[in-house]
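Chemist: Protein chains in written order, with this note's numbering: chain A, 64 to 334; chain B, 64 to 334.
The C-beta atom is built at its ideal place from N, Cα and C for all residues, glycine as well.
Got a structure for you, questions after.
Protein chains: 2
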Amino acid sequence: MATLSKKQEKLIRSLHTRHGCKKHDSCVCEGLRCCSELFEARPDLVEFVVCSENFTSTIAIAEPFFCVPVRDFSRFAVTVNAQGIMAVAARPEMNFVPGADDDFVLALDRVADPGNFGTILRTAKAAGLSGIWFTSGSVDPFNAKVLRSALAAQFSLGLREFANLEAMRTTAEECGFKHFFLSSPRGQSSLFDKPELYERSVIVIGNEASGVASIDAESVSIPMPGNFESINAAQAATVFLFEYVRRTHGTSSRLASRSHVEKSCSLSVER
Amino acid sequence: MATLSKKQEKLIRSLHTRHGCKKHDSCVCEGLRCCSELFEARPDLVEFVVCSENFTSTIAIAEPFFCVPVRDFSRFAVTVNAQGIMAVAARPEMNFVPGADDDFVLALDRVADPGNFGTILRTAKAAGLSGIWFTSGSVDPFNAKVLRSALAAQFSLGLREFANLEAMRTTAEECGFKHFFLSSPRGQSSLFDKPELYERSVIVIGNEASGVASIDAESVSIPMPGNFESINAAQAATVFLFEYVRRTHGTSSRLASRSHVEKSCSLSVER
């Protein structure tokens with residue numbers, strides 16, 4: 064079996080830092096479920112795989128792969144429980160443009176907690192979304208912890224970063240999107256009372272501490288009868304995502320036909 | 064200003080361990096928002112408060128309180144960012160019995176991750192629930208990390224622990240609860256298609272890895288059009304909680320009158 068080169072060791076260590084991730088345009092995907100998702104969704108992006116000596120699995124492991132002593136493995140891993148497998152992968156392009164089938168885009172404004180960002184990606188994928196938009200100031204979606212929380216949904220979801228919400232809204236308008244909603248605890252109306260919520264719209268979830276950036280757009284709230292502090296960003300995103308699932312997949316309440324999609328988005332993509 | 068006694072120092076350190084928490088029947092509440100919630104909801108439980116020298120705040124701090132050097136404070140804190148304030152409090156009794164107004168009880172079966180358990184408590188409180196049931200094998204709800212994730216909702220929510228789901232169901236029946244639903248990715252029906260979901264029922268969310276324990280009860284699923292791995296336990300709980308909020312607080316879809324509550328629960332409480 065081949066040995067990990069010094070250069071590869073150095074690369075892994077470098078990918079522990081934010082700067083290293085950007086510099087090498089790569090990421091580290093750790094744990095069995097994340098690596099499986101990567102191997103299945105984007106085998107073309109895998110650079111190499113590292114397993115600890117005692118790792119056993121029934122999944123097909125992408126090539127090339129290297130086996131290292133248990134002690135070395137835990138030194139390489141970023142997350143606490145990396146389960147004896149990690150993969151270094153090139154980062155996919157982040158150029159998501161919604162298609163005619165995308166009723167809405169979920170957008171994250173400076174969501175900074177890796178667990179929140181990752182959980183939202185995982186939940187969005189489960190809800191059937193094809194991509195997520197986010198603004199600069201959010202955590203790097205290819206940070207090892209975000210990958211871990213998302214179960215590597217990053218490799219099958221489209222992503223796109225914007226400088227700020229204004230830039231995002233401009234693109235949304237170019238895509239023919241009609242609405243731009245901000246999730247806010249003090250929103251003008253309740254999400255449950257907005258029939259047009261998912262009719263070619265963008266729904267923005269804000270930063271954990273400061274909420275959504277100030278921009279002139281309609282705000283929508285999640286009713287909280289308990290009158291407690293606002294819920295966590297990932298929980299708010301989940302409420303919006305599964306209200307969509309309910310409207311489209313509940314027996315009694317299917318969305319009207321998609322005739323409101325007048326125009327397919329054929330926006331050109333620049334990076 | 065009084066100095067923290069050796070005995071108090073020892074108590075705080077002891078509360079860092081699971082064993083110590085049980086032995087002293089106390090807990091450590093860290094951070095400004097958690098301490099505020101504790102001081103407001105249950106000032107009677109506060110044993111003492113510790114602030115770091117550089118802590119400044121506008122909230123009224125419960126007595127007795129002690130100021131310690133910054134370095135000492137971080138040694139005492141369990142969570143990474145304790146924000147310069149912590150309180151040692153007695154644990155409230157965990158004897159929650161739902162009242163006639165409680166349409167349903169959310170129950171957690173061996174939910175082991177502190178972040179998940181805490182987030183569920185916070186979200187349940189925001190959704191207006193008055194209590195949560197859980198089974199033995201779950202993380203201790205008064206663990207410092209669970210308190211932190213829940214923003215100390217533990218002090219205003221009722222809680223109750225059961226040996227297992229069978230014991231829980233027996234109590235539910237004694238309370239006159241009619242349904243016992245298990246959340247499962249392979250449930251018999253979708254939560255969106257069950258009109259009786261919140262009509263005096265218990266809804267159980269299972270362990271992160273193994274799901275709900277095997278028990279003869281109806282299972283309910285959350286539709287996942289994305290066909291991805293199941294969502295996180297806290298996200299599943301959120302979907303059930305806010306589907307309830309929608310049915311009770313959405314304009315177009317209020318629950319029928321509560322005439323189905325035939326019997327108020329007057330179960331006697333034993334610890």
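Give a yes or no on whether the C-beta atoms belonging to A:I148 and A:C114 are separated by under 7 Å.
Modeler: Yes, these two residues count as a Cβ contact at 7 Å.
Chemist: What are the uninterrupted segments assigned as alpha helix (DSSP H) that are 4 or more residues long and contained completely in the segment 97 to 155 of chain B, given in chain order?
Modeler: For the segment 97 to 155 of chain B, whole alpha helix (DSSP H) runs of length 4 or above, ordered along the chain, are 133 to 139.
Chemist: Does any residue of chain A have a CB that is nearer than 7 Å to the CB of B:V308?
Modeler: Closer than 7 Å to some Cβ of chain A, the Cβ of B:V308 qualifies, so yes.
Chemist: Please identify, using Cβ separations under 8 Å, the residues of the segment 234 to 263 of chain B that lie next to chain A, in order along the chain.
Modeler: Cβ contacts with chain A: S253, F255, D256.
Chemist: Spatial neighbours of A:F118 within its chain, please: C-beta separation below 7 Å, excluding the five flanking residues on both sides.
Modeler: Cβ neighbours of A:F118 beyond the five flanking positions: G147, I148.
Chemist: Let me see if you follow: with CB-CB separation under 7 Å, is A:V151 close to chain B or not?
Modeler: No, A:V151 lies away from the interface with chain B (no Cβ there is under 7 Å from its Cβ).
Chemist: Which residues share a DSSP beta bridge with A:I268?
Modeler: A:L171.
Chemist: Output the boundary residues of the beta strand (DSSP E) element that contains A:I195.
Modeler: Its beta strand (DSSP E) spans residues 194 to 198.
Chemist: What in chain B is Cβ-close to A:T301, meaning under 7 Å?
Modeler: The contacting residues are Q298, T301, V302.
Chemist: In terms of residue numbering, what span does the beta strand (DSSP E) encompassing A:F244 cover?
Modeler: Where A:F244 is concerned, the enclosing beta strand (DSSP E) stretches over 242 to 246.
Chemist: Short of 6 Å in beta carbon distance, which residues of its chain neighbour B:S77, apart from the five on each side in sequence? Order them along the chain.
Modeler: Closer than 6 Å at Cβ, skipping near neighbours: G83.
Chemist: Nearest to A:A140 by alpha carbon, out of A:R211, A:S120, A:E236?
Modeler: Ranking A:R211, A:S120, A:E236 by Cα distance to A:A140 puts A:R211 first.
Chemist: Tell me, please, which residues DSSP counts as bridged to B:F180.
Modeler: According to DSSP, which records beta bridges pairwise, B:F180 is partnered with nothing at all.
Chemist: Going by the CB atoms, is the gap between A:G194 and A:L171 shorter than 7 Å?
Modeler: Not closer than 7 Å, so no.
Chemist: What does the Cβ neighbour count give for A:E8, buried or exposed, with the cut at 16 atoms within 10 Å?
Modeler: There is no way to answer for residue 8 of chain A, as the model of chain A reaches only from 64 to 334.
Chemist: Roughly how many whole angstroms lie between the Cα atoms of B:E126 and A:L245?
Modeler: If I take the Cα positions, the gap works out to 41 Å.
Chemist: With a Cβ-Cβ cutoff of 7 Å, do B:R309 and A:F255 count as a contact?
Modeler: Contact flag set, yes.
Chemist: Whose C-beta lies closer than 8 Å to the C-beta of B:P132 among residues of the same chain, with five residues either side of it excluded?
Modeler: Closer than 8 Å at the Cβ level, and outside the excluded window around B:P132, lie S115, E116.
Chemist: Which value, in whole angstroms, describes the spacing of the CA atoms of A:V285 and A:G250?
Modeler: It should be noted that the sequence gives Ile, not Val, for residue 285 of chain A. Their backbone Cα atoms lie some 8 Å apart in a straight line.
Chemist: Which of helix, strand or coil does DSSP assign to A:G83?
Modeler: If DSSP states are grouped into helix, strand and coil, A:G83 belongs with the helices.
Chemist: Report yes if the C-beta distance between B:A152 and B:C90 is below 7 Å; otherwise report no.
Modeler: Contact flag set, yes.
Chemist: Below 7 Å between beta carbons: does that hold for A:A27 and A:R185?
Modeler: Because chain A spans 64 through 334 in this model, residue 27 of chain A falls outside it and cannot be assessed.
Chemist: The segment 275 to 290 of chain B: which residues have C-beta closer than 9 Å to a C-beta of chain A, in chain order?
Modeler: Within the segment 275 to 290 of chain B, the qualifying residues are I285, P286, M287, P288, G289, N290.
Chemist: For B:N179 versus B:A297, is the C-beta spacing smaller than 7 Å?
Modeler: Yes, the Cβ-Cβ distance between B:N179 and B:A297 is below 7 Å.
Chemist: Could you name the residues of chain B that A:I124 contacts, counting a contact when the two beta carbons are closer than 7 Å?
Modeler: Correct list: empty, because the minimum Cβ distance to chain B is about 19 Å.
Chemist: Taking B:G191 and A:G289 to be in contact with their CB atoms under 8 Å, please state how far apart those CB atoms are, rounded to whole angstroms.
Modeler: Right, the Cβ-Cβ distance comes to about 4 Å (below 8 Å), so this counts as a contact.
Chemist: Is there at least one Cβ from chain B nearer than 7 Å to A:K188's Cβ?
Modeler: So yes, A:K188 belongs to the interface.
Chemist: Do B:F225 and B:T198 come within 7 Å of each other at the CB atom, strictly closer than that value?
Modeler: Contact: yes.
Chemist: Once the 5 residues before and after B:S247 are set aside, which same chain residues still bring their CB inside 8 Å of it?
Modeler: Cβ within range, chain order: G269, G274, V275, S282, V283, S284.
Chemist: Helix, strand or coil for A:E93 per DSSP?
Modeler: In this structure, A:E93 counts as strand in the three-state DSSP scheme.
Chemist: Roughly how many whole angstroms lie between the Cα atoms of B:I266 and B:K241?
Modeler: B:I266 and B:K241: Cα-Cα distance of roughly 11 Å.
Chemist: Using C-beta distances below 6 Å, list every residue in its chain close to A:T66, excluding the 5 sequence neighbours before and after it, in chain order.
Modeler: Answer for A:T66: no residue qualifies.
Chemist: Please name the residue, chosen from A:K85, A:E72, A:R134, that lies closest to A:V112 on a Cα-to-Cα basis.
Modeler: Of the candidates A:K85, A:E72, A:R134, the one whose C-alpha sits nearest the C-alpha of A:V112 is A:E72.
Chemist: Would you mind giving the Cβ-Cβ distance between A:V202 and A:P177, rounded to the nearest angstrom? I have them listed as a contact below 8 Å.
Modeler: Indeed, because the Cβ distance is near 5 Å, the residues count as touching under 8 Å.
Chemist: Mind checking B:I156: buried by the 16 CB within 10 Å criterion, or exposed?
Modeler: For the sequence presented, residue 156 of chain B should be read as Glu rather than Ile. Label assigned to B:E156: exposed.
Chemist: Could you give the distance in angstroms between the alpha-carbon of B:R263 and the alpha-carbon of B:V209?
Modeler: So the two alpha carbons sit approximately 28 Å from each other.
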